[in-house]
Ligand SMILES: NC(=O)c1ccc[n+]([C@@H]2O[C@H](COP(=O)([O-])OP(=O)(O)OC[C@H]3O[C@@H](n4cnc5c(N)ncnc54)[C@H](OP(=O)(O)O)[C@@H]3O)[C@@H](O)[C@H]2O)c1
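In structure tokens form, the structure reads like this:
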């Protein structure tokens, strides 16, 4: 197997760990950033067709891993569908075009937001029914990938978190912990259910699939399926912080711009029967995240525990 890859969006939550895991397994890997410059990465605007083609032609990767996304997430997609279209459909289209021209394998990340959340957890072949702009565009992107690259790998994942201080968009747990440290209360939905997924575990499993030359759609997520509220409470407990700052509310009370699939998340039989690697539960994931955070800020959490 030719172990050369480019990770588009290696300055983001998922791309960062894909880049790291590939490097640790001896792959020759180039990672890109867009607005958030980082030393080890190279600049690329994946919306620029000519730049993408030049980048792929010059670097000749066997694999192109698309981790590009829109900072601002699901609600910004709802507010600005054109921007959502560019980031979640135009970028895949441009990358697919380049992969076809230069014979690269393509890996793409998708989501459980392509479902309506009436009957999760979802299997790979369940019928999709997106209820938000983000979900609809991500569903179209999957279709585009399937229609154009027969051996593409599509990873559906959800509720991704990890220690990630440099990304432009803060993941859910990173944001919750920072709020509690700053003594700010936060409203968290008790009725949005999914599988919290540690980004480094997602990356390891994704690279396992790539190394097995797997193709098609795979659900890859953590083994625990629970509400964002229960997840946030467990995070506060594991980080030794005051969980009184976390207020449980319903989704209608939150008044989020985009609709959320409530009973979402994934069944994981297919991936568990395909790769040997364990999918982490939240306790293991949160402890690993905390350990990395402490390496950067050794006194942060001991201070909180002692002063509760
Ligand atoms: N996070 C989740 O919970 C989750 C769940 C399911 C599916 N997904 C999917 O997983 C993928 C990655 O998500 P993520 O959470 O890792 O996103 P993220 O942390 O927001 O990172 C997004 C990455 O995209 C890059 N980017 C933005 N605009 C770009 C452009 N024009 N050209 C090239 N790169 C660009 C960003 O670079 P700069 O920051 O340098 O600008 C950053 O590296 C997305 O397809 C998302 O839909 C995520």
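Numbering (this note's numbering), first residue to last: 218 to 525.
Yeah, the Cβ is synthetic: ideal placement off N, Cα and C, and Gly gets one too.
Between residue 372 and residue 423, the CB-CB gap stays under 8 Å.
Following the DSSP letters along the chain, one finds residue 358 inside the alpha helix (DSSP H) bounded by residues 350-365. Secondary structure remark: continuous alpha helix (DSSP H) runs of at least 4 residues inside the region 466-515, in chain order: 468-471, 486-489, 499-513. If you compare the alpha carbons of 238, 297, 224, 449 with that of residue 425, the shortest gap goes to 238. Not one heavy atom of ligand 1 lies closer than 7 Å to the C-beta of residue 477. Residue range 370-374 is occupied by the beta strand (DSSP E) that includes residue 373. A direct Cα-to-Cα measurement between residue 437 and residue 462 gives close to 31 Å.
Here residue 283 is buried, its C-beta having at least 16 other C-beta atoms within 10 Å.
If the five residues before and after residue 297 are omitted, its C-beta is found closer than 6 Å to no C-beta atom of its own chain. Nearest Cα to residue 504 within the set 358, 276, 456, 303: 456. Per DSSP, reduced to three states, the secondary structure at residue 382 is coil, with no helix or strand assignment. Assigned with DSSP and collapsed to three states, residue 424 falls in helix.
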